[in-house]
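Novice: Take this structure first; my questions come after.
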Amino acid sequence: MDNSASWAPRPALVTVGLLGTLVALAGAFAYSDRTGAVLFGVAAVVLAVLSTHGLLVRPRLAADIDGVRVRTMHGEQRFNWAEAHLSLRTTKRLGREATTLEISAGDQLFVLGRLELGADPVDVLEVLSTLRR
């Protein structure tokens with residue numbers, strides 16, 4: 111039995127973001143109206159940053175029997191199970207509920223949603239709880 115698991119943004123989502131970057135960039139250069147070109151340019155930058163983040167921080171979350179690792183743009187943070195506190199938080203905005211996985215250790219808090227994990231946070235917590243035992 112494999113005693114490790116990892117989660118990352120879905121490759122299809124990152125690919126769509128990169129394609130959206132190209133389309134927005136093309137729109138920025140092809141649009142004759144200056145305001146429209148600026149809006150396309152801003153969209154291209156935002157999509158490029160988000161897509162690059164999705165590419166570079168893979169896997170976003172990994173765990174094994176020793177503990178949990180969270181990868182950010184600033185590097186990887188490792189926590190053993192004794193210092194990591196895991197919880198789910200459900201919030202309601204615009205009539206829709208969103209569940210996130212919160213990992214806190216010391217003075218650090220990581221909030222990971224479905225897009226960052228590529229899976230339902232409830233399912234991720236189940237796997238993490240199994241590994242923690």
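Numbering (my numbering), first residue to last: 111 to 243. Note that the Cβ used here is the ideal one computed from N, Cα and C, for glycine as well.
When you compare each of R243, L165, K202 and S197 to P231 by their alpha carbons, which one comes out closest?
Specialist: If you number the sequence shown from 1, residue 231 lands on position 121. Among R243, L165, K202 and S197, the Cα nearest to that of P231 belongs to S197.
Novice: To the nearest angstrom, how far is it from the Cα of R243 to the Cα of V221?
Specialist: On the sequence shown, residue 243 is found 133 positions in, with the first residue counted as 1. On the sequence shown, residue 221 is found 111 positions in, with the first residue counted as 1. Roughly 22 Å between the two C-alpha positions.
Novice: So who's on the other strand from D174, going by DSSP bridges?
Specialist: Along the sequence shown, read from residue 1 onward, the residue named residue 174 stands at position 64. D174 pairs with S114 and G177.
Novice: With DSSP as the reference, please indicate the residues paired to A215 in a beta bridge.
Specialist: If you number the sequence shown from 1, residue 215 lands on position 105. Partner(s): Q218.
Novice: Note down the Cα distance separating P119 from V133, rounded to an integer number of angstroms.
Specialist: Reading the sequence shown from its first residue, position 9 is the one you call residue 119. Reading the sequence shown from its first residue, position 23 is the one you call residue 133. Between P119 and V133, the C-alpha separation is close to 21 Å.
Novice: Roughly how many whole angstroms lie between the Cα atoms of S114 and A140?
Specialist: On the sequence shown, residue 114 is found 4 positions in, with the first residue counted as 1. On the sequence shown, residue 140 is found 30 positions in, with the first residue counted as 1. Straight-line Cα distance between these residues: approximately 48 Å.
Novice: With 16 as the cutoff for other CB atoms within 10 Å, does L157 come out buried or exposed?
Specialist: Locating residue 157 in the sequence shown gives position 47, where the first residue counts as 1. Buried.
Novice: Work out the CA separation of V155 and A147 for me, nearest whole Å.
Specialist: Residue numbering aside, residue 147 sits at position 37 when the sequence shown is read from its first letter. Residue numbering aside, residue 155 sits at position 45 when the sequence shown is read from its first letter. Taking the straight line joining both Cα atoms gives about 12 Å.
Novice: Grab the span of the alpha helix (DSSP H) containing E226 for me, first residue to last.
Specialist: Translated into the one-based positions of the sequence shown, residue 226 becomes position 116. Element bounds for E226: R224 to L227.
Novice: To the nearest angstrom, how far is the alpha carbon of T169 from that of T201?
Specialist: Against the sequence shown, residue 169 aligns to sequence position 59. Against the sequence shown, residue 201 aligns to sequence position 91. Strictly speaking, residue 169 in this sequence is Pro, with Thr absent from that position. Spanning the two alpha carbons is a distance of roughly 25 Å.
Novice: Confirm, please, whether the CB-CB distance from L129 to L225 is below 8 Å.
Specialist: Position 115 of the sequence shown, counting from 1, holds the residue named residue 225. Position 19 of the sequence shown, counting from 1, holds the residue named residue 129. Not in contact: L225 and L129 (Cβ atoms no closer than 8 Å).
Novice: Are the CB atoms of G223 and G164 nearer to each other than 8 Å?
Specialist: The residue labelled residue 223 in the question sits at position 113 within the sequence shown. The residue labelled residue 164 in the question sits at position 54 within the sequence shown. Taking 8 Å as the Cβ cut-off, G223 and G164 do not qualify as a contacting pair.
Novice: Using only CA atoms, which one of L171, V159, S161 and P121 lies nearest to V237?
Specialist: Within the sequence shown, the letter at position 127 stands for residue 237. V237 has its Cα closest to that of L171, out of L171, V159, S161 and P121.
Novice: Hey, how far is the Cα of H195 from the Cα of E207?
Specialist: For this step, residue 195 is matched to residue 85 along the sequence shown. For this step, residue 207 is matched to residue 97 along the sequence shown. Cα to Cα, H195 sits roughly 23 Å from E207.
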